[in-house]
Amino acid sequence: MGDVLNEFRTHAGAESFAAIRRNLGETLIALDFDGVLAPIVDDPAAARAHPEAAAVLARLSPLVGAVVIITGRPAGLAVEHGGFAAVEGLTVLGHYGRERWEAGVLTTPEPPAGVAEVREKLPRVLEAAKAPAGTHIEDKGHALAVHTRRAAEPEVALERLRSILGALAEHAGLVVEPGRFVLELRPPGMDKGIALRGIVAEKKAGAVLYAGDDLGDLAAYDAVDALRAEGMPGVKVCSGSAEVTALAERADLVVDGPDGVVRLLADLAAG
1 MGDVLNEFRT HAGAESFAAI RRNLGETLIA LDFDGVLAPI VDDPAAARAH PEAAAVLARL
61 SPLVGAVVII TGRPAGLAVE HGGFAAVEGL TVLGHYGRER WEAGVLTTPE PPAGVAEVRE
121 KLPRVLEAAK APAGTHIEDK GHALAVHTRR AAEPEVALER LRSILGALAE HAGLVVEPGR
181 FVLELRPPGM DKGIALRGIV AEKKAGAVLY AGDDLGDLAA YDAVDALRAE GMPGVKVCSG
241 SAEVTALAER ADLVVDGPDG VVRLLADLAA G
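All residue numbers in the sequence shown are consecutive under the working numbering, ending with 271.
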């Protein structure tokens, strides 16, 4: 990537990245999956990691304190779709940290009853709301996501459904997590910021770099900001797109989608 420090949008981010380079072995590298390690596609089931992602994570893992993927997807699915099963030292936190995959072992709690209630009611709710053609449901096991990317006017469709799905989620004791043409109904009490702070403490990291692409990653950005305020070097990377600008506005460094993320990780692994 050339001199990556010249590409930083913030002085604090550039300083933190320089500190990470000096102390790579103490750094926790945390990454979202969709939009960061895998390109966004119309059908979430068809998402696959960048062809070089697994190899670069395998090179980077022994050089850093920890490599962690924090995703709204089921942890096992992220491992499968990423081709990450052979990446030694990798931790995958799925469902915003409710699930954990590590060294081939998946730990997952039972989903709350509200998820089953929403699973049963959601198709009828969408039908009654006259959801536009192209709207579809993704069943994540511990959460249900409604995607409008395939609709003729995806943003209009999303706004049309927002309050309806919010009411359904509230009745079932769930919360709504907005994203790139998606509204996810999931259990409360966990987000990527909580998951990130927990794994940073567990791994006793001395620095952190987080890369995200969507609104759900703002909580992780908040966590990086808080850790930086406490004196820990921290870098917020945005896997850039034209669909979500809120993250880019908060980022220290914006890269060109998964290609840019992989190049950044390769740059770190090269020393």
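Glycine included, C-beta positions come from ideal geometry on N, C-alpha and C.
As assigned by DSSP and simplified to three states, the class of residue i
i           : result
residue 282 : Nothing can be reported for residue 282: it is not among the residues displayed for the chain, which extend from 1 to 271.
residue 161 : helix
residue 124 : helix
residue 36  : coil
residue 113 : helix
residue 260 : helix
residue 64  : coil
residue 79  : helix
residue 166 : helix
residue 87  : coil
residue 227 : helix
residue 154 : helix
Residue span of the beta strand (DSSP E) that contains residue i, given as start and end
i           : result
residue 236 : 234 to 239
residue 136 : 136 to 139
residue 30  : 27 to 31
residue 147 : 144 to 147
residue 90  : 90 to 94
residue 177 : 175 to 179
residue 41  : Taken as a continuous stretch (DSSP letters only), residue 41 belongs to no beta strand (DSSP E), as it is neither H nor E.
residue 107 : 105 to 107
Whole-angstrom C-beta distance between residue j and residue i, which should lie under 8 Å
i           : j           : result
residue 232 : residue 96  : That belief does not hold up - the Cβ atoms of residue 232 and residue 96 are roughly 22 Å apart, past 8 Å.
residue 36  : residue 179 : Residue 36 to residue 179, Cβ: 13 Å. No contact.
residue 193 : residue 167 : Residue 193 to residue 167, Cβ: 26 Å. No contact.
residue 147 : residue 181 : 6 Å
residue 217 : residue 32  : 6 Å
residue 58  : residue 69  : 13 Å between Cβ atoms; not a contact.
residue 227 : residue 200 : 7 Å
residue 62  : residue 89  : 7 Å
residue 52  : residue 224 : Not a contact, Cβ separation roughly 25 Å.
Terminal residues of the alpha helix (DSSP H) in which residue i lies
i           : result
residue 20  : 11 to 22
residue 99  : Taken as a continuous stretch (DSSP letters only), residue 99 belongs to no alpha helix (DSSP H), being part of the beta strand (DSSP E) at 99 to 102.
residue 246 : 246 to 250
Residues near residue i in its chain [Cβ-Cβ closer than 6 Å; skip 5 each side]
i           : result
residue 265 : 56 and 60
residue 235 : 13, 16, 17, 209 and 252
residue 44  : 138
residue 132 : 151 and 157
residue 205 : 28 and 65
Heavy atom of the ligand MN within 6 Å of residue i beta-carbon
i           : result
residue 176 : This structure lacks the ligand MN, and indeed carries no ligand of any kind.
Beta-carbon contacts of residue i that lie in its chain and below 8 Å, excluding the five residues immediately before and after
i           : result
residue 106 : 75, 76, 99 and 100
residue 247 : 212, 213, 214, 215, 217, 218, 221 and 238
residue 54  : 82, 83, 84, 86 and 87
residue 188 : 173, 174 and 175
Own chain, CB closer than 7 Å to residue i, minus 5 neighbours either side, in chain order
i           : result
residue 202 : none
residue 141 : 74 and 111
residue 116 : none
- Task: Mind listing, in chain order, the continuous alpha helix (DSSP H) runs of no fewer than 4 residues lying wholly within the stretch 185 to 213?
- Result: Under the rule that a run must span 4 or more residues, the alpha helix (DSSP H) segments found entirely inside the stretch 185 to 213 read 192 to 203.
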